[in-house]
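Residue numbers for the sequence shown follow our numbering, so the first one is 503 and each next one is one higher.
Here's the structure we're looking at; comments come further down.
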Amino acid sequence: MATKKRALGRGLSALLENANTDITSNYSAAENHVAGSVSEIEISSISPNPFQPRKHFTAEALQDLVDSINIHGVIQPVTVRKIGNDQFQLVSGERRFRASTIAGLKSIPAYVKIANDQSMLEMALIENIQRENLDPIEVAESYNRLISECNLTQEEMSRRVGKSRTSVTNFLRLLNLPEEVKKGLQERKLSMGHARALLSLEDKKQILKLYKTILSEQISVRKVEEAVKGLVNHSGEESKKRTKASPLSFEEKSWVNTLENNFETKVGLNRDSEGKGKLVFHFSSPSEMEELIKKLKQ
């Protein structure tokens, strides 16, 4: 088996540690199912895609597809990769695969591809992002996996998925919301506009309180933005009243200088008399931010 790329990380490598993804051996093992062709493949020989970003499939939507398959068959082939003797793994087409199984089909038309773990992950994520009606959190999680597990920058990923960098950033920020709010977003209880407005609040208790108000009173995005602005201004005024920055000691100034030298950027340290405060790393462009994040991770 070919050596795993470091970008995949331990989790992904473990998922397919027994998979034969070497290009030469795939060709020799293909026999009746030639890579690049469409073949009728037994459903029992296809395993699900471990990289599938979509977690939720409604029974109603699946049943509609089952009914269509019973009448017309599977019109668009799924995509699989060969992982062993007459064993395949789904790359894309999860809904068609599930619906065909429910419909009782014994085989399904499939494109056979050669793919290693990383290209498998990229194909699955990008295909789903572009073609499936994912909820915003599933899209955000897919973007995050492309960045972290395929070792892509936000700029590279935005080109791969055909989205603007701003759009990508807006989706990624959704992952910072409390779990209850993320679930509400997945269930379409609130919109992306509502969610982006809530992200302007740092206090999770405030976010949850306003989220519940959105649900109970069905307030518009504009009203949420106004409420958030009021809360932010109030918090800022209260913070100024509560805390006064204390001058830094010689040792603290030395720490700041060391951080600035190590990370090659301006660093701000503010704290009050109780020792509470903020340590701020400055950047002047998206690329500088990415470089800074890489250094902090290391």
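Glycine is no exception: its CB is placed at the ideal position from the N, C-alpha and C atoms.
All figures in this text were calculated on a predicted structure; none of them were measured in a lab.
Given a length threshold of 4 residues, each whole run of the alpha helix (DSSP H) inside the segment 580-623 is given here in chain order: 596-604.
Straight through space, the alpha carbons of S549 and T668 are spaced by roughly 36 angstroms. Exposed is the label assigned to L717, since fewer than 16 other Cβ atoms lie within 10 Å of its Cβ.
Across the structure, Q565 and L648 are spaced so that their CA atoms are roughly 31 angstroms apart. For the pair of segments examined, the segment 642-659 was found not to touch the segment 586-600: the number of CB pairs separated by less than 8 angstroms stays below three. Within the same chain, Cβ atoms closer than 6 angstroms to the Cβ of L761 are found at V769, the five residues on either side in sequence being excluded. V670: member of the alpha helix (DSSP H) spanning 667-675, first to last residue. DSSP places E658 outside any beta strand (DSSP E); the residue lies instead in the alpha helix (DSSP H), whose first and last residues are 656-663.
Non-local C-beta neighbours of Q708 in its own chain, meaning closer than 7 angstroms and more than five positions away in sequence, comprise L733, ordered along the chain. Annotated three-state conformation of V576 is coil, per DSSP. Rounded to whole angstroms, K608 and S546 show a C-alpha spacing of 7 angstroms.
Distance from the CA atom of E682 to the CA atom of F590, rounded to whole angstroms, is 37 angstroms.
In this structure, DSSP gives E704 a state outside helix and strand, which the three-state scheme calls coil.
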